[in-house]
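Residues 10 to 598 in the working numbering are what the sequence shown spells out, letter by letter. What follows is a short report on a single structure.
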Amino acid sequence: MVVSTTGGPAMAQAEPSGHIRVDQVGFGPAEAKHAYLMTRAPSPGARFSVVDRDGREVLKGTAGRDLGSWNASYGHVYDLDLSRLRAPGRYRIRSGALTSPSFQVAPASPADSILAFFKGQQDGGRRHRNDRAASVYEWPAFTGPDTDEIKGELSKIGGPVDVEGGWFDAGDYLKFTHILAYVDTLLWASARDGATGDLRLRREAAHGTEYLDKMWDGTTKTLYIQVGVGAGNKEGTFSGDHDVWRLPEADDTSEHPFLRHRPVFRAAPPGAPISPNLAGRTAAAFALAAQLEPSRDKARELLDKAADVYAMARTENVGQLVTSLPHAFYPESAWRDDMELGGAELALAGLRLGDPRWGGWLERSAHWARQYLTHEAGGDTFNLYDVSALAHTDLVRAMRAADASMLAVTETQLVDDLKAQLSIGAARAAKDPFRAGAAYDAFDAVPHAFGLAATSRLYRSVSGDRSYDTFGTQQRGWVFGANPWGVSFVAEVGERSIRCPHYQISNLTGRPARGAVVNGPNSASLFDEGLGDHLDGMSPCPADGVDAYARFTGRGSRFVDDVRSWQASEPADDFAAVAVYALTLMSRD
10 MVVSTTGGPA MAQAEPSGHI RVDQVGFGPA EAKHAYLMTR APSPGARFSV VDRDGREVLK
70 GTAGRDLGSW NASYGHVYDL DLSRLRAPGR YRIRSGALTS PSFQVAPASP ADSILAFFKG
130 QQDGGRRHRN DRAASVYEWP AFTGPDTDEI KGELSKIGGP VDVEGGWFDA GDYLKFTHIL
190 AYVDTLLWAS ARDGATGDLR LRREAAHGTE YLDKMWDGTT KTLYIQVGVG AGNKEGTFSG
250 DHDVWRLPEA DDTSEHPFLR HRPVFRAAPP GAPISPNLAG RTAAAFALAA QLEPSRDKAR
310 ELLDKAADVY AMARTENVGQ LVTSLPHAFY PESAWRDDME LGGAELALAG LRLGDPRWGG
370 WLERSAHWAR QYLTHEAGGD TFNLYDVSAL AHTDLVRAMR AADASMLAVT ETQLVDDLKA
430 QLSIGAARAA KDPFRAGAAY DAFDAVPHAF GLAATSRLYR SVSGDRSYDT FGTQQRGWVF
490 GANPWGVSFV AEVGERSIRC PHYQISNLTG RPARGAVVNG PNSASLFDEG LGDHLDGMSP
550 CPADGVDAYA RFTGRGSRFV DDVRSWQASE PADDFAAVAV YALTLMSRD
């Protein structure tokens, strides 16, 4: 049976010259399904069809309205509505001589592929055995506010401490508690909120929690925040992690002293208050682990760790937040959302375990939610630097579970702010020919897209309103190929995915970086001075050095699939974590 659909009056047109862009992973049977026809010349009413893997036509229609120009070469983008295609299967779209990459209709999710990336990011074992007895150092001084170059020598103040394990942060081998706590929180939330209890997901989340347990010394009330330094010093007496392209297994015998014995840094002196963003998100990770831990004794132990860290938060005279050294690596400025999140997860864990402290945690979470709405809301959406979407949702869940009222914030205010965050992305998407809700001429476009996709489902879960479902699906689709470049920004996921990530392990071994989620397009101005030389030991990729995506640069943004392109092609754990969470939530549709 052939399903027919129309997007406007069919007109006699020359065959369109351009490209068809589609989510290369695909859609659930009941989801809205949209692809895009990007053409050089006007092609109103262009006919298209969808064929199955045997070439049989299963849907036909005409392109919808012109959504606008992408760049000087591609002046027209037309919507292709495939929503009436519901039968499971694998398909392609055709329009004249143009054929899209394949996609499927099936209730499937690529979250498992992204979990494979975390497995490759695991530290410990044959990697960095010397981290088992690491020395602690004072914070280094840097040569400027926007550089990681260190001024002078490092000063040892303690140790040894065992900081083996965890995950590497990105394409390098540094480890940050700020990142890892966020990642672990989202992995535990995925295990809790997904359609099924995935044991692989729980094991990966447990790996993160084991490492956080090492980074938090409950006896001395010390939180360790970083292992390794990014760069060497101005005097040239030592090198840092970013200075040498190598495999992690080489570090234990490296000629470079701070690669062989990686320095450790702490958030604050023992017993001193901790930056509230760190305290909130670290507490959230422990508390979420407590929510899912089957052993009640172990769960109570995790809850107590969460409570201890949360109580250490500095919430007055906060100053610059502590994230990484230097702060410029991760310049977070919002923290009340982290405190809201930590309190909400503590309350949910306390309710589960019958801990009488749950009421106090609920009140604190509501207080910080009110403070977030007053001081920090309206500027960002769900990502590493703003976790309020999850915090709001879980605070609402805790309020409902406790049948609580007379708090500093109401359910309606929290739900309204979730909607306001979606409105930020939806307003941007309404002006974009590919319906992108993230700013693709700035850093972190891909994780912001996944964050908006996740928020669309979080909002629905507490409001019952499905009006942002299609928007959320479009954000996921943009990541997986329904974008001007026609590329999936997740390695090995989709027919045309990124091939040359700025990722040492895959570059040096030749093994694919399956599941690596990269930054994606970024400001074109960041590439004005070129990509620079290949580092010693770096294998050129692409081998011919040709930028296959140059002709798709547009609207101030550029994507470069090149191992040197850290601005666009470097994967990171926080990117992968929000992807897993978004895809897990959407798997419940």
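All C-beta atoms in this analysis are idealised placements derived from N, C-alpha and C, irrespective of residue type, glycine included. Small disclaimer: the values here were computed from a predicted structure and weren't measured.
> What did DSSP end up calling Y590 once you bin it into helix, strand or coil?
Replying inline: As a working note, residue 590 is residue 581 in the sequence shown. Reduced to three states, the DSSP call for Y590 is helix.
>> Can you tell me where the alpha helix (DSSP H) holding K307 begins and where it ends?
In response: Translated into positions along the sequence shown, residue 307 becomes position 298. R305 to A320 is the span of the alpha helix (DSSP H), which, as asked, contains K307.
> Do you know how far the Cα of Q113 is from the Cα of D61?
Replying inline: Translated into positions along the sequence shown, residue 61 becomes position 52. Translated into positions along the sequence shown, residue 113 becomes position 104. Between D61 and Q113, the C-alpha separation is close to 9 Å.
> What residue range is occupied by the uninterrupted alpha helix (DSSP H) comprising Y468?
Replying inline: Working through the sequence shown from its first residue, we reach residue 468 at position 459. Where Y468 is concerned, the enclosing alpha helix (DSSP H) starts and stops at A454 to S472.
>> Rounded to the nearest angstrom, what separates H511 and D317 at their Cα positions?
In response: Reading the sequence shown from its first residue, position 502 is the one you call residue 511. Reading the sequence shown from its first residue, position 308 is the one you call residue 317. Distance between the alpha carbons of H511 and D317 is about 38 Å.
> Are A120 and V526 touching if we call contact CB-CB under 7 Å?
Replying inline: Within the sequence shown, numbered from 1, the residue matching residue 120 stands at position 111. Within the sequence shown, numbered from 1, the residue matching residue 526 stands at position 517. Not closer than 7 Å, so no.
> Is the segment 33-46 in contact with the segment 472-486, if contact means three or more CB pairs nearer than 8 Å?
Replying inline: Yes, the segment 33-46 touches the segment 472-486.
> For A296 versus A358, is the C-beta distance shorter than 7 Å?
Replying inline: Along the sequence shown, read from residue 1 onward, the residue named residue 296 stands at position 287. Along the sequence shown, read from residue 1 onward, the residue named residue 358 stands at position 349. Judged by their CB atoms, A296 and A358 are nearer to each other than the 7 Å cut-off.
>> Are the CB atoms of I123 and A458 within a distance shorter than 7 Å?
In response: Here residue 458 corresponds to residue number 449 of the sequence shown, with the count starting at 1. Here residue 123 corresponds to residue number 114 of the sequence shown, with the count starting at 1. In this structure, A458 keeps its C-beta atom at 7 Å or more from the C-beta atom of I123.
> So A294 packs on T194, CB below 8 Å; how close in whole Å?
Replying inline: Looking up residue 294 in the sequence shown gives position 285. Looking up residue 194 in the sequence shown gives position 185. Sure, about 5 Å apart at Cβ, within 8 Å.
> Roughly how many whole angstroms lie between the Cα atoms of L594 and G541?
Replying inline: Here residue 594 refers to the residue found at position 585 of the sequence shown. Here residue 541 refers to the residue found at position 532 of the sequence shown. Computed Cα separation, rounded: 40 Å.
> Taking the beta strand (DSSP E) that Y146 falls in, what are its first and last residues?
Replying inline: Locating residue 146 in the sequence shown gives position 137, where the first residue counts as 1. Element bounds for Y146: A143 to Y146.
> With respect to the beta strand (DSSP E) encompassing L360, which residues constitute its N-terminal and C-terminal limits?
Replying inline: In the sequence shown, the residue the question calls residue 360 occupies position 351. First-last for L360: R345 to L362, but that is the alpha helix (DSSP H), not the beta strand (DSSP E).
>> Whole angstroms are fine: how far does the CA of H216 sit from the CA of A115?
In response: In the sequence shown, residue 115 corresponds to position 106, counting from 1. In the sequence shown, residue 216 corresponds to position 207, counting from 1. Taking the straight line from one Cα to the other gives about 31 Å.
>> Can you find the residues in the same chain that come closer than 8 Å, C-beta to C-beta, to R290, ignoring five residues on each side of it along the sequence?
In response: Position 281 of the sequence shown, counted from the start, is the residue given in the question as residue 290. Within the same chain, R290 has close Cβ partners H187, A190, Y191, T194, D347, L350, G351 and V396.
>> Rounded to whole angstroms, what is the Cα-Cα separation between G134 and I514?
In response: Indexing the sequence shown from 1 puts residue 134 at position 125. Indexing the sequence shown from 1 puts residue 514 at position 505. Cα to Cα, G134 sits roughly 16 Å from I514.
>> Please identify the residue among A378, G368 and F338 whose C-alpha is closest to the C-alpha of G153.
In response: Locating residue 153 in the sequence shown gives position 144, counting from the first residue. Nearest Cα to G153 within the set A378, G368 and F338: F338.
>> By the three-class DSSP mapping on this structure, what secondary structure does E213 have?
In response: Here residue 213 corresponds to residue number 204 of the sequence shown, with the count starting at 1. E213: helix per DSSP, three-state reduction.
> For F185, which option in V327, G129 and P335 has the closest C-alpha, if you only look at C-alpha atoms?
Replying inline: For the purposes of this step, residue 185 is identified with residue 176 of the sequence shown, where counting begins at 1. P335 is the residue among V327, G129 and P335 whose C-alpha sits nearest the C-alpha of F185.
> Thinking C-alpha only, which one of A276, R505, I283 and A308 is nearest Y558?
Replying inline: Taking the sequence shown and counting its residues from 1, one reaches residue 558 at position 549. Checked all of A276, R505, I283 and A308; the closest Cα to Y558 is R505.
> Of all the options D75, A142 and G98, which has the alpha carbon lying nearest to the alpha carbon of G64?
Replying inline: Position 55 of the sequence shown holds residue 64. Comparing Cα positions, the closest option is G98.
> If you draw a straight line from the alpha carbon of M408 to that of L371, how long is it in whole angstroms?
Replying inline: Counting from 1 along the sequence shown, the entry for residue 408 is found at position 399. Counting from 1 along the sequence shown, the entry for residue 371 is found at position 362. Between the C-alpha atoms of M408 and L371 there is a straight-line separation of about 8 Å.
>> Quick check: the Cα distance between A150 and I234, rounded to an integer number of angstroms?
In response: Along the sequence shown, one-based indexing puts residue 150 at 141. Along the sequence shown, one-based indexing puts residue 234 at 225. One Cα belongs to A150, the other to I234, and the distance between them is close to 16 Å.
> Which residue from V572, S82 and A299 puts its Cα closest to that of R211?
Replying inline: Sequence index remark: in the sequence shown, residue 211 carries index 202 (1-based). The residue from V572, S82 and A299 with its alpha-carbon nearest to that of R211 is A299.
> Any idea what DSSP makes of K440, helix, strand or coil?
Replying inline: On the sequence shown, position 431 is the one that residue 440 refers to. K440 falls in the coil class under three-state DSSP.
> Touching or not, the segment 557-572 and the segment 89-108, by the rule of three or more beta carbon pairs under 8 Å?
Replying inline: Output reads no: the segment 89-108 does not touch the segment 557-572.
>> Rounded to whole angstroms, what is the Cα-Cα separation between S534 and S333?
In response: Along the sequence shown, one-based indexing puts residue 534 at 525. Along the sequence shown, one-based indexing puts residue 333 at 324. Computed Cα separation, rounded: 26 Å.
>> Rounded to the nearest angstrom, what separates D171 and R93 at their Cα positions?
In response: Residue mapping note: residue 171 aligns to position 162 of the sequence shown, counting from 1. Residue mapping note: residue 93 aligns to position 84 of the sequence shown, counting from 1. Approximately 56 Å between the Cα atoms of the pair.
>> Can you give me the C-alpha to C-alpha distance between A435 and A81, rounded to a whole angstrom?
In response: For the purposes of this step, residue 435 is identified with residue 426 of the sequence shown, where counting begins at 1. For the purposes of this step, residue 81 is identified with residue 72 of the sequence shown, where counting begins at 1. If you draw a straight line from the Cα of A435 to the Cα of A81, it is about 25 Å long.
> Can you name, in chain order, every residue of its own chain whose Cβ lies under 6 Å from the Cβ of A591, other than the five neighbours on each side?
Replying inline: Translated into the one-based positions of the sequence shown, residue 591 becomes position 582. The residues are F459, A462 and A463.
> First and last residue of the beta strand (DSSP E) that includes Y87?
Replying inline: Translated into positions along the sequence shown, residue 87 becomes position 78. Per DSSP, Y87 belongs to the beta strand (DSSP E) from H85 to D90.
>> Would P285 and A322 qualify as a contact pair, given that the criterion is a beta-carbon distance under 7 Å?
In response: What you label residue 285 is simply residue 276 of the sequence shown in a count that begins at 1. What you label residue 322 is simply residue 313 of the sequence shown in a count that begins at 1. In this structure, A322 lies closer than 7 Å to P285 by Cβ.
> Can you name, in chain order, every residue of its own chain whose Cβ lies under 8 Å from the Cβ of R95, other than the five neighbours on each side?
Replying inline: Residue mapping note: residue 95 aligns to position 86 of the sequence shown, counting from 1. Hits under 8 Å: P38, A39 and V114.
> Hey, out of V455, Y182, D403 and G446, whose CA is closest to S374's CA?
Replying inline: The residue given as residue 374 occupies position 365 in the sequence shown. Selected option, being the one with the closest Cα: D403.
>> Suppose the cutoff is 7 Å on Cβ atoms and the five residues either side in sequence are ignored; what does the same chain contact list for A413 look like?
In response: Position 404 of the sequence shown holds residue 413. Result list for A413: L371, in chain order.
>> Would the segment 300-314 count as touching the segment 160-178 if we require 3 or more Cβ pairs under 8 Å?
In response: No, the segment 300-314 does not touch the segment 160-178.
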